[in-house]
Structures are given as C-alpha cells and as structure tokens.
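Chains as they are written, first to last, in full-length UniProt numbering: chain Z, 1 to 770; chain P, 1 to 770.
In structure tokens, the structure reads:
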C-alpha cells in the first residue's frame, strides 16, 4: 500500500502538493472520462519531467502486430490496442515571453482536486517564473451531456508584475503508444487547419495487414478569451494546429481562455463530415457559454449519483473509496453505446487498455444491473451476441466446435498470445452465458433469450461438449489443460470452477431449449439442436468430474492441488509479497498461492447451490493461501466472508478493493486504473455487507455492518422498482420508492414491501467483535 | 518424408539437377564444417533466387536482446546466437563481362556431390550466358588439418567461344542473421584491406548491454590463378574487400582460380595479430599448394573414418544415412576445443544454432565415447564444469539452491525464454550428472570425479533437494511443475523420468561422497557436504514418489497422464500429422501424444535397472502414442525395440533417425540439419542392433540383424581397446585389435576376448519375420 494523497474527502480526491516522483501515479488517479472518451490527469501546460500523456477514445483501436518469443500454433496475428490519441488539452503558457514549465518553475501552493460529484478536475497554484509570480486556476471536464465535447478554462492572475501572458492552445496528434510492440506510430496525418481562435487536426489509424477497420478522428478547437488579445496568430503543420494569443495583464488582473474541443470520429460520422460535425458542436456549445455547458455536465453527474451513490457513515476512507470506484467506472462506461465495452484500464492507461475481458460479465454487469437502466446491461450482452460468429471461428481455429469467446478482444477476434491464457483460460466462456442468466434472472427480461441469448447459449454448450473428454476408466468427463481464474496455476487438469461452469452451461442450454420448445419458439430451430445433441449434453453434464476431497470435505481447486506444499500466506517470510514481483514464474506456479478467487468464484456465482457451512469450509481452507494479486479477487472473498459472518476479514478485503488504486495496493496504478475491478467495492457493499442475492428471480437481503461504520445506504434498481437500503447500528430500513409492491426476503423472512420495512439489524456477536 | 536427392550412393550425397524450389533444403544438406567453422551449401557465384547464405564460426556468439510477448519473472535478458559471419566463399564470375547468375543462366548438366569420405564438396555444370557456353568445376573444403583454412578451386572451360573470364573473389562481412530478434546487424566493421591477389576484412561483434565477450574475426584471402591475368585490380570498402581478375580464354581452354581463405578470431589470438596470423596461414598453405593441402585434409577425414565408420551391407539407403550422420556430427565437433560444444544445428542454420543443449550429454557423448579418444568426451564434461558458477547463479535466480544448468547456453547463462521450458524442463540437470556417470563408467577414468566431477554432482544434488517438496499427506517427495523430455506435455506434476533421475542424482551424489571419504580425498571438503545434508539426500531419494499404475503394470509418465483420452497415433485421421504443424498448442498439450522418449528415455539411461519384460510392457504401452516429432526420439525407441525383439519397429525407427535430414522427415531441414540427433543413427546400430551395453563397468553385446540387411560392422573404442564388431546373417564376430584381452558378454555369456570371438547370431524368429 502506498497512499499518495493523504487529504481525504468524501467527494473529492485532493492533491495538495505537486508530485514529481510519482507523477504517473497522480496522473492515473486524476483521470477523467465520459464514456465516449477519457484521459489521464496530465497538465495542460508544459511539463518536462516524467509523465505519461494519454488520451483515448472509446472503440477506436489498432491491431498491433503480435510480438512473441516462441510462436505457438493458434496464436493471433495481432494484439488490439487503443491508440493514445490527439493531445487536445495542450495549452502552453508564457509569462512575459518565458514558458511556464511546471517541472522547472518554482511552484507554490499547488492544489488539485477531482470533484467526483460534479465530474470536474480543477487546479490552482502559484508559480514563480524568473521573479514574475502568477496564480493559475485551471478547470477541465469531459461533458457527460455532450459526449464529443471537452472544455478547459485556464485563468492566470498576475501577482507582482505588469506585462503580458501568452496562451498557446494547441492540438497535437503526433502521439505514440508506450506499449507499441515495435515502437511504431499508429496514426497518420490526414489534414490540419488553423485560423484565428480555431484549429483542427484530422488523423487516421494506419493501414494494417489484418483488414480490421481503420478509424479517422477529428479534433477541433475553439478558443474564447476574457479580453481582447493584443496579438492573435495561428499556425498549423502535419499533425499539429495552434493558436497564439497574447494578452496584456496588469498586477492583480486575471486573464483567461476557454478551450472548447470537439472530438468526432468515423465510428459515428462519415469521414467527409468530421470537421463539419465538430464545428457544429463547437458553435452550439460556445453559444451556450461556459457556465451553461459546465452546469449541464454537472447536473448529468448529479443525476447519476442520485440513483447510484452509496453512503457510508463513520468511515471517510471507505466512503471516498466507493465513490471513486463508481466515478471511474461510470467515466468508462455508462451503457450508451452497445458497440463499446469496459476495458480493464478504461481510458486511463495502455496496458490491456480498452479491450474487452470476461471482467465485464463477471464483475461489472451486476453493478449496472443494480444502478442503471436495464438497457445498459442488455447492451453488454448484445455486444457479445454481435461477436458470436468470431467466437465460432475462434473455436474452429483450436479444432473445437461451438463458440469460444476470446480472452481479449475488440471486434470479437482473439488478441492475446500466451498459450496458457489464450487457449486454456476457457472458463471465460462460461461467464458469457452466466451473464445471460444473471441479466434475465435479475430483470425478468426472458425475451432476450428468445431474441438473441439462445444463440450464445447453444454455441457455448457445443464448445464444452467438444472440449471435454471421457475418461473411460473412471467413466467421467474431464477437462484437461485449462487455466482457472487463479492464473497462478497454469495448464491444470479439472479445474473445479471450469468443470462446474461447463456442467452448468450444458444444463442451462438444455433447460432453455426445452423451455423454448414448450413455448414453441422458432429460435430453437434457428440453432439446429436435435434430440441427440441434447442427450449428449445431458450425459456430459451428469457425468462431469468435479474434484472433491472427502477427508477435508472441501472442493479441490484442480487435480493435484492438494499434493502441493501447503504454506499459508501469513507464514511467508517478509519480502516475498507480492509474489509476482519477487518470485520466478515457475515458483509461483508450483506454489499453493492463489491469485484470485477460483473455487470461491464458483461459490459466488452459484451462491444458492452451496450451504453456508460449505462456503465456510471452503473459504477457511482457501483464503489463507490467497494473495489477492489480482484486483478482481478481494471483492469476491469479501462477499463470501460476509455471508459466513467473518466480518473482520470482509472489511479488510473491502478496503483493499475500494482503495486499490487510491492506495496503490498492487503497486502498478501508475500504468492506469483497475477499472473493471472498480465494480468490486460496490459488490462488496451491496452483495457483501447488505447480503443482496437475486437467485431464482427472488430478492434477498441480509445486512451486516462493519464494526467501525455507523451505517451505510444505497439505492438499487430491481425489476423497475427503485429501492433504498439503509443500514445503521440499530436497524435495517428498506424503502420502496416506486408505486408497486415487491416481495423481499430479509434475513430469510419474506416481506411484501409496499412503502418501507424497518427491522432490527441482526448482529453476529462472535464475529463482529472478533 | 520428402527426399530431395534420389541418386543414392554409399559415400556421397549426389544432387544431379539444379534446385530452385528447394534450394534452402539443398543448401542445408550440402553443409560443410571442420569443427572450427562451417557453412551451408551456398554457391560461390551469384545466385539471385531464394537462398540462405550462412557461415558460422564455433564459439563466436552474440547476445541478442530477448523478444517476448509477456515477460515472466526470471526470464533471461538475451538469447545467444551464433552470428552469421563473413561470406568468404564469394566468387563472382563474368563471361565476356556478363555476370554468371545461376538463377538466371541456362544451366545444363548440373551435378553436385558431397564426398563424405574425403570431406569435399564439388560441383560441375554447363552454363549458357547469352549464347556463350562454359563448363564450370568448383571444389570446396574446410581443412580438417588446418582448422582456420577454407579453400575453393573454381575452373571455367569455354565451350563455344574465345573471350575473357572475369573472377571477382571477395570477402563480405556485411551479413545479418535471419533470426535476429529486432532485425539488427551483429557485426561492426573494424578494417578492410585489398591488394593484388590479397584482401582481408576484420569485423567485431557489436557492443552489447549484457557485458558478454565481444569477438573480432579476420577473414583473409589469397588468390592464385592458373595463368597470368590480363587485368588484376582490387578494391575495398567498409565490410568488403575484392579482387578483380580478368583472364583471356580460348574455346576449349580452362582457366581457374584458387581462393585460400584464413579465418582467425580473438578466441585464439590477440586482436592486433589477427591479420598477421591469417597471413602466416595463407603463406604456409599457398606454398604447400592446392594438391597437398587437399590431400592433407582428405587424409585426416580418412583417418576419422578408419575408426568410426559403420558399414551396412545390403541397404544403400541405410548405409548412406549413417555415414551422413557421422560426417555432419564430426564436421560440427571432434573434441579439439573444450570451450566448444555441439549446437543442435551446428554450422548449418541459425534457429537454436550453435548453443549448447542437454542433447550433447544425452545423445552425442556416447558416440564420442565409442569412436573418439576419451579426451574428446572429457572435454564435453569439462565444458559444463567450467560453467558451474553460472549454473549456481541460475538456480539462485529461481530461488533454489545448488546448480541448475541452463536449457540453452553459450557461456553458462540461460538464454531461453519460455517458462515451461526454461524454468521447468529441469530434467536436463540430471543429464549433466548422468554424463559424468557415463563417461567415468565407460572409460574407467574415475579420477575425473575427484578432480572436477564431484563439484557438479554435489551442486546438482543440492538443486534437487531444494526443488522437491514433501507431500505430507502421502509422506512422499514430489516434483511439481516440470516439463519432461516429452515437450508435448508442459507444466506437469511428477514426471516419472524427472523424479527418477533426481532420485538417482541424489543417490549417486551420496555414493560418490562416501567413496571419496573412504579414499580420504580432499575434494569432499571442497564442497562442504556434511552428514546432515547427506542424510537429507538419502531421505529424499528413499521417499521419492514414482508414479506407477498397478492395474496396467506400467510406469506412469506423470500424474494424470492416464486420465487423458488415449488415442493411438495409427487411429488419427489423415492430415493431423505432424501435430506441431496442424494442431493448436493446447490441443497438443492435452492429448496423449508423445513428442519424444520420456519414460523410455529413463529406461534407456538406466537400462540395467529394468527387466526386458518391464521394458516391453512400457514400450508397448507408450510407443503407440508417440509421434516422434523430436529428432531425438526415434533412436531411443529403436534401441529399446531391439532389446524387446521388435526388430521391425526398430528398423522403421532407425530409418527415420538415419535419414531424418536426407529425407526431410520433419519438414524443417531447410532451416538447418539436426546435428545433435545425428548421433541417433550410431546409437541405434551400436546400442540397438548390436545391443552394446556398458553398465557397471562391463561390456555387453547382443547383436541382431534387421531382415533386409546382409550385415553390418563397426569399430568401438572401449577403455583403450579397439574392437571390431561384425554381424552377418550367420554369425557375430568380435575382434580385439589391441594387444590386451578384455571381458565381453555376448548374448549373456561371458567371454575373455583375446583375438576374436565368432558365435552364431541369435535370431528371434517370431519377431524378425513379423
């Protein structure tokens, strides 16, 4: 853990000194996004120290030629990357002709805050450039109201001189990815223009040999000043366009510019209209004016918080953590565009940046189900349905039937190239189907199965049926050569989670086919499933081998797991953690240490199939070996820990999840935020502390309260009912803010919730005080 | 199988038409080497079609920066490569000023032969260049007598014209490796010179960030002509030096040049003396003259054959195969230099080229023990002893004690970067110790253990002791996370071969320490082995888990092997083989198919520990699943097949070994020859058909004769006795050519061999006629 910002505020991330050593970490944390585009917390003005300047546009990607040491049959030819794109925030500032370089100027009273309530990043500082002191105030936001718009206001006050301030706002698309495999640039210049107070750059992703889509983007800027400039010139060249605005300034006077930028792309517009469209936006917005544009944006954020905010009383760190997670998650994705998905680093970094992983289905979908209109979640499902053909091709490449969804993708094609992941971490396929179950079960929108879901359900079942093999001696079906969610074990046999999920997928497919047949639905025929195939699926699922140890009475993570040397994390000598930075890979692999929930991921997914005692036995066995070196791990453990009344552990793991990036737990936040695991904090509170479960079309709560909290509350959207859940030291209050009643189970008791229910909180004394 | 050259000769490889489509394959097969240096069968003159020009110098290597998709802790920073070096054979030929380009000229009566008896490559052809016909004869050899010398004689006869022939012999060190990771050149120019009939180029391997040795090489040439030139000019520039010699020619006249090249390097000389040393060689050799130099070279080859030749009667393909293998093996290594080793592709290609693998100890050492003075084999052991410190460092990097010899190396540092191989294919470590056992047991030179061997034996034992773990439940030591010799199974647990070898290494260490203690030898103390450590080794070895299946009564290759889907190779549908070109990697891994001997490798190493029945059961079980997609596989299977009287299978596998490259079995010979597996044919005949075993300081034979052979014979050097073994359809004759008697067991009967023994051949009728 390494907390950079110690000034903790419930709604703000506050940085109260300029950061040189950890600037990249600060840049990650101060990231902004509006779903359409996003950027790291870079400075507008010149900064000549270490920095990772990065801005990214959703859905714009480039297929970077695979780099690999030793080629394995089946590897994809490219790894898709979100290209670091046009620097549109750039504003160089000159004080009497001397450039303001934050790395070199004497900077006093630096203050930066990310206002999460309003989605606004502001900065204030005093800088001394050769004796001339100025006070700068900078405000930036990416509009949630007008997605293609970013706005910056840059104010300078002269503290001890009369003279001139020069602002050079610019656009620069000569930008490279730090993670480019062969140090290539991904952009080519199309055109640039500049005029007084205007300028644009148009760039296109380079042609590639893989025949994937080429994208063109246009960045267009319009500049306003608070007084008439003394000089106003402009210039453009390849990849670059600037304005140069010189303003007279007197001591104690404030001069400012507003930079409006519109980013349009060929994802939404014809290439020929990109400039025109961006001009329209700039015209509309500049006419509205800064205050209006800012207010519209803030109102949109406020509305999101109204339905999604989680309040925690008595624990500012926890409160800030959950809000930061929701803020960054919503900054990445708010479901407006079914062509988009949620990249593990969102718009905040490059490694894994922007591609789609199973994280979306496993960790993010439940949050959107809970806090956003159901269309948001449905769009995530449609995204995968749209890519079914590619998943079928992918399975075929590996000599298998049905569909195998890729580990990492943009357009449905597999990008990743580690055999133990790409070819073997196939449990991901189960999560795609589980998401259909989860969505339809939660929302009641079973029409989705008829319309689209069944196609995915059938093809994934076909995959599993071809991927298992019959062990004739034992007359059981097995799945060899897989990597489970715990990636600290590669190429194992019979990973319980994978086998269980495969078995479930087959049964779920059979049940859905039967249901559709009963309802005489045409979509059955669409997929040509015959009786023989159904019987085969049933045979496999009924004879699926699920490793279990009778003596310990626990599920076994995979064959041979119990043959390992079993050492607990707490017994490891100091200096060994994190393992992934201290141990060679083979040592990690043969060790018993678990990177992220594996058996417990299964118990989480199928929480209604296992008793509390079973969960407790397995949690107590596996948790001591778990190092949580995946950001996706602690939330799941925290949820199970709550359920088995281990509240202390649950709280410890919640903290790790909720402040993963703010406290840089994994020592890698400088590369970007862990966006998909941002959902974990929400899950930990709602499904963990509040014990919300929605299996079998029912809604259950079993709220608990961590000892050091005074209370917490959140809203939840369940089947078009908006509920408010409030928990404090005394009682649990659930209010129904919609006008129809709903059945709710609380602590196992059934209630008909009309207006509200208040019952005393159930406290497990043994464990809460442990 | 794809045989390029159909004209089969016992002593020659004959190519009787020019090859355009498969030129790279032809170049590989026509490779020449003299242990010091070697080259592919490229043409001297211009050839503008596809070709891989390659010449390599033993021990000269460059650390090429690692290329990897996903970095794993513990990966080495570089992969050592033998840099493709100076093109010293180049001679451009002009006919009346028109260049002779073999890719474009009309070429008639092309004939090339590799004379293996004499180590000479010759070519003859008629070429028509714009109506001017010439007949060319080209002879090339790399002197075995004078290792730094290469000689070419190029003769041209005018068939239908009077005019002029221009020869432009040149040296060119502007050469790149095809397998360079980042398309970098490995050479920088130091100096070049030229003068009438002379020229040299000096180049140095580029500085590297890994602080490995930098090498400088000098190529110096001296040209002789058979008549006074009409013109003689010269030129040099960076990386390049040439002479231009114009000779008048009349119809039916023959003009010729001799190009002598000396290659000196900083491995043997001070950089300042490289040119001088090479001039000395050129002076000496040109004074001797072409015929003398050639004869000295041929005599040296003839002498090698006198002791090493294997004669096969009645099977020209087999005869050519075994000679080709010995020829290429000796061209790569004949033990003159303990700093050198045997690269898997020798001097014939780049991939894996020139580095040291466990192949040397496992497959090559026995051949040198049998056919070369014992110093040759001893040098191979000393090579590893010299690298012990680096092996200790290597183990340390992986968090382990003792020494782990690298998978791939030049100077002892690990080069390879696939976790499943680099970190997990640790059985290689056992072969380093087994080689000490093999060498000392075969030669009787136990002094070697005292002098050097014990250091390696102890450190490898320490490695195993730290690499095992105790499975407390079963109270057995296990080795998890390994890759056995069968690389079609990665990251398995308890590979029987690895566990057995580890157990043996520990016991062998204990026995040697005890022996040294008894003899009161100081080298015990040198390694600080105390009683407690010895006891630990004994405890581990006595409780080592060795997977066995009682029901099938076979050794189990590794945990879970028998859970696989067991399909026999013969039952695979057509088009699946070779698997490594048709299946995705995960499919290969989870299949039961075996790339190379694994359990059987252990039964081969420890042939005296297993009964014929045990071998038969295990062979019969594993052979049907073996695809032999490693060149190192068929020989071991062939040897066991002989022992269990499956002569038909033994012969089939022998053919595959002996003609692997000549018949391009693995469809990759264009990349270079499989040098280390060249030993397999010798092993198959001597240890297989002739049944030679040398366990426990005894010498045993049990000769068998493949049905279609009339007989075979070979010499063997055993403890300074030179024996001749002759086998024909009637009897087995073993002659002792030294002047002391020796005990020999033949078919299990003990004999005292004075002069010779002749006994009838034992024929297993059932199997020989199968």
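Glycine included, each C-beta is placed from N, C-alpha and C at the ideal position.
Segment contact, 8 angstroms Cβ cut-off, at least three pairs: the stretch 561 to 580 of chain P with the stretch 610 to 626 of chain P: The stretch 561 to 580 of chain P is in contact with the stretch 610 to 626 of chain P.
Helix, strand or coil at residue 1 of chain Z [DSSP, three-state]: Coil at residue 1 of chain Z, not helix or strand.
Buried versus exposed call for residue 283 of chain P [16 or more other C-beta atoms within 10 Å across all chains shown]: Residue 283 of chain P should be labelled exposed.
Cβ-based contacts, 7 angstroms cut-off: residues of the stretch 341 to 359 of chain Z near chain P: Of all residues in the stretch 341 to 359 of chain Z, none is placed with a Cβ closer than 7 angstroms to any Cβ belonging to chain P.
C-beta contact flag for residue 478 of chain Z and residue 494 of chain Z at 7 angstroms: Taking a C-beta distance under 7 angstroms as the contact criterion, residue 478 of chain Z and residue 494 of chain Z qualify as a contact pair.
Listed by chain order, chain Z residues near residue 585 of chain P by CB distance under 7 angstroms: Result: 72, 73, 74, 419 and 423.
Through-space distance from residue 686 of chain P to residue 677 of chain P, alpha-carbon basis: Roughly 15 angstroms separates the two Cα atoms.
Residues, ordered as in the chain, of the stretch 563 to 579 of chain Z that lie near chain P by beta-carbon distance below 7 angstroms: For the stretch 563 to 579 of chain Z, which is checked against every Cβ of chain P, the residues closer than 7 angstroms are 563, 564 and 565.
CB contact below 7 angstroms: residue 293 of chain P versus chain Z: No Cβ of chain Z is located within less than 7 angstroms of the beta carbon of residue 293 of chain P.
Residue 642 of chain Z and residue 680 of chain Z closer than 7 angstroms at C-beta: Taking 7 angstroms as the cut-off, the Cβ atoms of residue 642 of chain Z and residue 680 of chain Z do not count as close.
Chain P contact for residue 460 of chain Z (CB, 7 angstroms cutoff): Chain P contact via Cβ: absent.
Contacts that residue 66 of chain Z makes with chain P (C-beta to C-beta distance below 9 angstroms): Residues of chain P passing the Cβ test: 69.
Contacts that residue 590 of chain Z makes with chain P (C-beta to C-beta distance below 7 angstroms): Here the neighbours are 480 and 481.
Three-state secondary structure assigned by DSSP to residue 232 of chain P: Looking at residue 232 of chain P - three-state DSSP - the assignment turns out to be strand.
Beta-carbon separation (whole angstroms), residue 706 of chain Z vs residue 691 of chain Z, contact threshold 8 angstroms: Not quite, the Cβ-Cβ distance comes to about 13 angstroms (not below 8 angstroms), so this is no contact.
Chain P contacts made by the stretch 394 to 409 of chain Z, where a contact means CB separation under 9 angstroms: From the stretch 394 to 409 of chain Z, only 397, 398, 399 and 400 have a Cβ closer than 9 angstroms to chain P.
Unbroken stretches of the alpha helix (DSSP H), 4 residues or longer, contained in the stretch 110 to 192 of chain P: Taken in chain order, the stretch 110 to 192 of chain P contains no complete alpha helix (DSSP H) segment of 4 residues or longer.
Residue span of the beta strand (DSSP E) that contains residue 470 of chain P, given as start and end: DSSP places residue 470 of chain P inside the beta strand (DSSP E), whose first and last residues are 469 to 471.
Bounding residues of the beta strand (DSSP E) (the contiguous stretch that carries residue 38 of chain P): Residue 38 of chain P: member of the beta strand (DSSP E) spanning 37 to 39, first to last residue.
DSSP state of residue 703 of chain P mapped onto helix, strand, coil: Assignment of residue 703 of chain P by DSSP, reduced to helix, strand and coil, places it in the coil class.
Exposure of residue 774 of chain Z, with buried meaning 16 or more beta-carbon neighbours within 10 Å: In the structure as shown, chain Z begins at 1 and stops at 770. Residue 774 of chain Z is therefore absent and cannot be evaluated.
Beta-carbon neighbours of residue 493 of chain P, restricted to chain Z and to distances below 7 angstroms: Counting only Cβ-Cβ distances below 7 angstroms, residue 493 of chain P has contacts in chain Z at 560 and 563, in chain order.
Simplified DSSP assignment, three categories, for residue 366 of chain Z: Correct three-state label for residue 366 of chain Z: helix.
Residue-level contact to chain P via CB, residue 765 of chain Z, 7 angstroms cutoff: For residue 765 of chain Z, the predicted structure reports a pLDDT of 48, less than 50, and the residue's modelled location is therefore unreliable. A value from the coordinates is still provided. So no, residue 765 of chain Z is outside the interface.
Buried/exposed call for residue 697 of chain Z, threshold 16 Cβ in 10 Å: It counts as exposed.
Pairwise C-alpha distance: residue 93 of chain P and residue 44 of chain P: If I take the Cα positions, the gap works out to 9 angstroms.
Within chain Z, the residues that residue 469 of chain P reaches when beta carbons sit closer than 7 angstroms: The answer, in chain order, is 565.
Contained alpha helix (DSSP H) runs [length at least 4] in the stretch 247 to 296 of chain P, N- to C-terminal order: List check, alpha helix (DSSP H) in window: 274 to 288.
Per-residue burial, residue 765 of chain P [other beta carbons within 10 Å of its own, 16 or more giving buried]: Because residue 765 of chain P carries a pLDDT of 49, less than 50, the predicted location of this residue cannot be relied on, and the following value inherits that uncertainty. Classification of residue 765 of chain P: exposed, given that the 10 Å Cβ count is below 16.
Residue 15 of chain P - partner residues in DSSP beta bridges: Looking at the DSSP assignment, residue 15 of chain P forms a beta bridge with P:112.
Among P:225, P:144 and P:89, nearest to residue 156 of chain P - alpha-carbon criterion: Out of P:225, P:144 and P:89, P:225 has the C-alpha closest to the C-alpha of residue 156 of chain P.
Chain Z contact for residue 490 of chain P (CB, 7 angstroms cutoff): Judged by the 7 angstroms Cβ criterion, residue 490 of chain P is in contact with chain Z.
Whole-angstrom C-beta distance between residue 428 of chain P and residue 358 of chain P, which should lie under 8 angstroms: The beta carbons of residue 358 of chain P and residue 428 of chain P sit about 4 angstroms from each other, so the pair counts as a contact at 8 angstroms.
When Z:561, Z:452 and Z:420 are compared against residue 72 of chain Z, the one with the closest alpha-carbon: Minimum Cα distance to residue 72 of chain Z is reached at Z:420.
Stretch pair the stretch 201 to 211 of chain P + the stretch 101 to 114 of chain P: three plus CB contacts closer than 8 angstroms: As far as the Cβ criterion goes, the stretch 201 to 211 of chain P does not touch the stretch 101 to 114 of chain P, which means the pair count is below three.
Reduced DSSP secondary structure (H/G/I, E/B, other) of residue 693 of chain Z: Reduced to three states, the DSSP call for residue 693 of chain Z is strand.
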